[in-house]
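Residue 488 in my numbering sits at position 228 of the sequence shown, with consecutive numbering throughout. All residues carry an ideal CB built from backbone N, CA and C; glycine is no exception. All of these numbers come straight from a predicted model, not from anything done at the bench. Here is the structure we will look at, set down as structure tokens.
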Amino acid sequence: SLLRTRDEKIQEQATAIVNTLSAANAENKALVVEEGGLTPLINLLRSSNKRVQEESCITLRNLSANTDNQVKIVQRGALPALIGLLHSSNAKLQEAAAITLRNCSMNSENEVRIVQEGGLPPMIALLRSGDSKIQGSAVVAIRNLSTNSTNQVKTAQEGGLPPLIALLRSFDPKMQEQACAALRFCAENSDNQVSIVQDGGLAPIIALLRSSDHKIQAQAAGAIRNLATNVENKVRIAQEGAIQPL
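This is the structure we're talking about:
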């Protein structure tokens, strides 16, 4: 395989070709992995050649759209390198790594592994990114991770609630929906029910009950329902005007 050569010029060409092929269709996404392309691509995430690194990471992003590949990418040991790239100063690498992890986080076993490998703090940091694509991938990843009860606790412990609450006021409806969904899941935890309200999450969630977007409305209603399992929150929810839009 040309991906395994030590010649960087050949690596550049090989990774660029595989990247193009992996973006073409679903069959190619499966074929690249079947033909043994996954392990060398993962190894090249640590290349000192920025172009090789970019092409490899973008290819993994493409491959991770396939559900079987989401499992294999994690099984082959890609998480440390992908998580490390969340800290990159290269926006292309950061975005591709965030999207790959976002896709991989759709798998329930991967939800656990990503957090165990230290993926949560840098993903939370990306909620404050000035790049909307990176920010969007991060919020979806955290929504996926927060379906796990242990991750719900860790999201709060790592300071994830305030930036999620801030995104409820985003001008991007998709960002609002995903942030509200993440908070809805986090609010399944009793301690988080208190923290979300203390951190100022109640008012913007109630405001989203009046959204013209039905998906946002549904997430907001689900979040209110979970928050309302706390006795003190029931009073606050009524006081802050949630009953009328409900």
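Going by beta carbons, I394 and T415 fall outside the 8 Å limit. Per DSSP, the unbroken alpha helix (DSSP H) holding I343 starts and ends at L339 to L345. Under the three-state reduction of DSSP, N329 is assigned to helix. Exclusion of the five residues before and after G501 leaves I466 as the residues of its chain whose Cβ lies within less than 7 Å of its Cβ. Along the length of the segment 363-392, whole alpha helix (DSSP H) runs at least 4 residues long occupy 368-376 and 380-385, reported in chain order. Here R264 carries a helix assignment [DSSP, helix/strand/coil].
R444 carries a helical assignment under DSSP once its states are collapsed to helix, strand and coil.
Note on geometry: alpha-carbon atoms of E437 and I270 lie some 44 Å from one another. With at least 16 other beta carbons inside 10 angstroms of its own, Q453 counts as buried. Secondary structure at D432: coil, using DSSP grouped into helix, strand and coil.
The DSSP-derived three-state label of N303 is helix.
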